[in-house]
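Going letter by letter, the sequence shown gives residues 1 to 212 in my numbering.
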Amino acid sequence: MKQWIHGDTGHFDRWSATYDRSLLQRLLFDRVHRHVCAALLEGRVPATVVDVGCGTGRLLEMIRRRLPDAELVGVDSSEGMVSVARSRFAGVRGVRIEAGSARHLPLEGGSADVVTTTLSFHHWDEHGDSLREVVRVLRPGGRLLLADVLGIGLFGRLVHRLGHRDSSAFRDAGELSSLLAGAGFASWRRRRILGPGIPVFLVEARVGRLDA
């Protein structure tokens, strides 16, 4: 069976031209993006935000409206998505879009206050290595805001069982906790964001204590 990992970009290249017009954007992604933006604005205002798996840049556009002075970086492994995102932000200062994978982020160490990723994590190849790469680019006290389907609850466990792969998966709570700890995150918490029975969670992890 084909593995939908971060390196399998052909599907997303083909989808990029019509991605923003899909019903999925309005029914799912936009709702998730609003939750991520709300969490982003809690506490200290970040100066630099990196969105991994940025797609066509819709989340970055929403963040830009809320944080007009922040430096925003989008990273995606699909050249098609990168091309659309660069067109979206053509001439916009303070926003750059880079081609790259979660395992090899084209960023300097300790250069980001927050890394976001929405409904992309289950596509990443080698979750452990990718999360360690996120820790590398975060400043001390930096946060990861990860929104994705998790194998929690009845439907979540079914998705987890059907979709699990060695390097790509809808992780359950125990697996994700082990991955975060192994990557070097000191603390994390999660909450369901789309209502009962829908296994989409927002996970906030920090290089340091969450209440710091």
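The beta-carbon is built from N, C-alpha and C at its ideal position, and this holds for glycine as well.
Item, Value
"With 16 other Cβ atoms within 10 Å as the buried cut-off, status of G80", "buried"
"Residues sharing a beta bridge with V204, DSSP", "Here residue 204 turns out to be Glu, not Val, going by the sequence shown. DSSP lists L145 and R189 as partners of E204."
"Residue of I198, V207 and L194 minimising C-alpha distance to L180", "V207"
"Three CB pairs or more closer than 8 Å across the region 83 to 91 and the region 134 to 144", "no"
"Span of the beta strand (DSSP E), counted from its first residue to its last, around V32", "V32 -> not in any beta strand (DSSP E); alpha helix (DSSP H) instead, spanning D30 to L40."
"Outcome for L202 when other beta-carbon atoms lying within 10 angstroms are tallied against a minimum of 16", "buried"
"As assigned by DSSP and simplified to three states, the class of E71", "strand"
"Extent of the continuous beta strand (DSSP E) to which E175 belongs", "First-last for E175: A173 to A183, but that is the alpha helix (DSSP H), not the beta strand (DSSP E)."
"Identified DSSP bridge partners for T117", "L146"
"Limits of the unbroken alpha helix (DSSP H) element including A85", "E79 to R88"
"Straight-line Cα distance separating R209 from T215", "Look at the range of the chain in this structure, 1 to 212, and you will see that residue 215 is not part of it."
"Alpha-carbon spacing of P215 relative to G100, whole angstroms", "Absent from the structure is residue 215, since the part of the chain shown begins at 1 and ends at 212."
"Cβ-Cβ distance between G128 and P199 below 8 Å", "no"
"Backbone CA spacing between E133 and A102 [nearest angstrom]", "7 Å"
"Per-residue DSSP class, three states only, for D129", "helix"
"Which residues DSSP lists as bridging T48, in chain order", "E71"
"Cut-off 7 Å between Cβ atoms - residues of its own chain near G60, not counting five sequence neighbours on either side", "According to the sequence shown, residue 60 is Leu rather than Gly. So the qualifying residues of the chain are D51, C54, L72, G74 and V95."
"Buried versus exposed call for L41 [16 or more other C-beta atoms within 10 Å across all chains shown]", "exposed"
"Run of the beta strand (DSSP E) containing R96, from where it starts to where it stops", "V95 to A99"
"Which of helix, strand or coil DSSP assigns to L138", "strand"
"Residue closest to W188, alpha-carbon to alpha-carbon, out of A205, L131 and S77", "A205"
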